[in-house]
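Trainee: Numbering (the numbering used here), first residue to last: 9 to 219. C-beta: ideal position from N, C-alpha, C; glycine also. Handing you a structure now.
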């Protein structure tokens, strides 16, 4: 007699979730190898170990697949951000936000690389992906703006602080560093760059000494 297999059977929803995860990982690998234009849904399904048609049936088109990758990145980013900043306000929240950025680059480099590949490609023409990039950028700016407004209200930051300029400078440093890391990773020390960003935050947000 064959031994009885007591392992619980997976539900249909569980099987779908597993196949989706494998195909998103396969798509990530293919995007990093070939870019956005040279991959097909057929290749995604095959790389994930499924039939040629499963990815097409599941996602419909490459753009929808890329949106799913973006959504997965947003979930990963927010969970990383919460892990590093939950319950924090003011300068602590901003400095530890930098720690969250460093953590997601160090812990999930492929995820970050594929996201920026999609974002840079989206800038070239109007598309749903470009709208997603705009939404993500707006969310990021608004989140940082809320921290600054709260810090001003609580007296930690100067009421004269130029919030929009600080937010622009903050993300210019982040995006610029990541772009250089993508192009010439051997020349970019992510940890040192993040330490420099923290120094910028502390100096920019320090209240002027009273006259």
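If I measure Cβ to Cβ from residue 202 and keep anything under 7 Å in the same chain, skipping five residues before and after, which residues do I get?
Mentor: Taking the chain shown and counting its residues from 1, the one referred to as residue 202 is at position 194. 106, 109, 110.
Trainee: Alpha carbon to alpha carbon, what distance is there between residue 176 and residue 206?
Mentor: For this step, residue 206 is matched to residue 198 along the chain shown. For this step, residue 176 is matched to residue 168 along the chain shown. When rounded, the distance between both Cα atoms is 15 Å.
Trainee: Out of curiosity, what's the CA-to-CA distance linking residue 7 and residue 34?
Mentor: In the structure as shown, the chain starts at 9 and stops at 219, and residue 7 therefore has no counterpart that could be examined.
Trainee: Within its chain, find whatever has a CB closer than 6 Å to the CB of residue 21; leave out the 5 residues flanking it on each side and keep chain order.
Mentor: The count along the chain shown starts at 1 and reaches residue 21 at position 13. Excluding sequence neighbours, residue 21 sits near nothing in its chain.
Trainee: Just to confirm the assignment, what range does the alpha helix (DSSP H) spanning residue 149 have?
Mentor: Within the chain shown, residue 149 is the residue found at index 141, counting from 1. Looking at the DSSP string, the run of the alpha helix (DSSP H) that includes residue 149 is 136 to 161.
Trainee: Cβ atoms of residue 75 and residue 120: under 8 Å apart, would you say?
Mentor: For the purposes of this step, residue 120 is taken as residue 112 along the chain shown, with counting starting at 1. For the purposes of this step, residue 75 is taken as residue 67 along the chain shown, with counting starting at 1. Going by C-beta atoms, residue 120 is not nearer than 8 Å to residue 75.
Trainee: To the nearest angstrom, how far is the alpha carbon of residue 180 from that of residue 142?
Mentor: For the purposes of this step, residue 180 is taken as residue 172 along the chain shown, with counting starting at 1. For the purposes of this step, residue 142 is taken as residue 134 along the chain shown, with counting starting at 1. One C-alpha to the other measures close to 15 Å.
Trainee: Any contact of the region 208 to 219 with the region 161 to 175, i.e. 3+ C-beta pairs under 8 Å?
Mentor: Enough Cβ pairs lie closer than 8 Å, so yes.
Trainee: Report, in whole angstroms, the separation of the C-beta atoms of residue 51 and residue 62, which I expect to be a contact under 8 Å.
Mentor: Position 43 of the chain shown holds residue 51. Position 54 of the chain shown holds residue 62. 12 Å between Cβ atoms; not a contact.
Trainee: Given residue 18, which residues of its chain have a CB within under 8 Å of its CB, disregarding the five upstream and five downstream residues?
Mentor: Here residue 18 corresponds to residue number 10 of the chain shown, with the count starting at 1. So the qualifying residues of the chain are 26.
Trainee: Assign residue 46 to one of three DSSP states: helix, strand, or coil.
Mentor: For the purposes of this step, residue 46 is taken as the residue at position 38 of the chain shown. Correct three-state label for residue 46: coil.
Trainee: Less than 8 Å between the C-beta atoms of residue 189 and residue 182, yes or no?
Mentor: Within the chain shown, the letter at position 181 stands for residue 189. Within the chain shown, the letter at position 174 stands for residue 182. It is not a contact, given that the beta carbons lie outside the stated cut-off.
Trainee: Consult DSSP for residue 92 and reduce its assignment to one of helix, strand or coil.
Mentor: Indexing the chain shown from 1 puts residue 92 at position 84. Residue 92 falls in the helix class under three-state DSSP.
Trainee: Looking at the secondary structure, which residues open and close the alpha helix (DSSP H) in which residue 209 lies?
Mentor: Residue mapping note: residue 209 aligns to position 201 of the chain shown, counting from 1. Residues 198 to 213.
Trainee: Work out the CA separation of residue 67 and residue 157 for me, nearest whole Å.
Mentor: Here residue 157 is taken as the residue at index 149 of the chain shown, counted from 1. Here residue 67 is taken as the residue at index 59 of the chain shown, counted from 1. C-alpha separation (whole angstroms): 40 Å.
Trainee: Please give me, in chain order, every unbroken run of the alpha helix (DSSP H) with length at least 4 that falls completely inside the region 61 to 117.
Mentor: 62 to 67, 70 to 93, 98 to 115
Trainee: Hey, how far is the Cα of residue 23 from the Cα of residue 148?
Mentor: Here residue 23 refers to the residue found at position 15 of the chain shown. Here residue 148 refers to the residue found at position 140 of the chain shown. Distance from the CA of residue 23 to the CA of residue 148, rounded to the nearest whole angstrom, comes to 33 Å.
Trainee: First and last residue of the alpha helix (DSSP H) that includes residue 180?
Mentor: In the chain shown, residue 180 corresponds to position 172, counting from 1. First-last of the alpha helix (DSSP H) with residue 180: 171 to 191.
Trainee: To which residues of the same chain is residue 93 closer than 7 Å at the C-beta, ignoring the five residues directly before and after it?
Mentor: One-based indexing of the chain shown puts residue 93 at position 85. 101, 104, 105, 108, listed in sequence order.
Trainee: Using the C-alpha atoms, what's the distance from residue 29 back to residue 116?
Mentor: Residue 116 sits at position 108 when you count from the first residue of the chain shown. Residue 29 sits at position 21 when you count from the first residue of the chain shown. If you take the alpha carbons of residue 116 and residue 29, they lie about 15 Å apart.
Trainee: Which residue wins for smallest C-alpha separation from residue 134, given the options 169, 90, 71?
Mentor: For the purposes of this step, residue 134 is taken as residue 126 along the chain shown, with counting starting at 1. Out of 169, 90, 71, 71 has the C-alpha closest to the C-alpha of residue 134.
Trainee: Using the rule of at least 16 other Cβ atoms within 10 Å of the residue's Cβ for burial, across every protein chain shown, is residue 122 buried or exposed?
Mentor: The residue labelled residue 122 in the question sits at position 114 within the chain shown. Label assigned to residue 122: buried.
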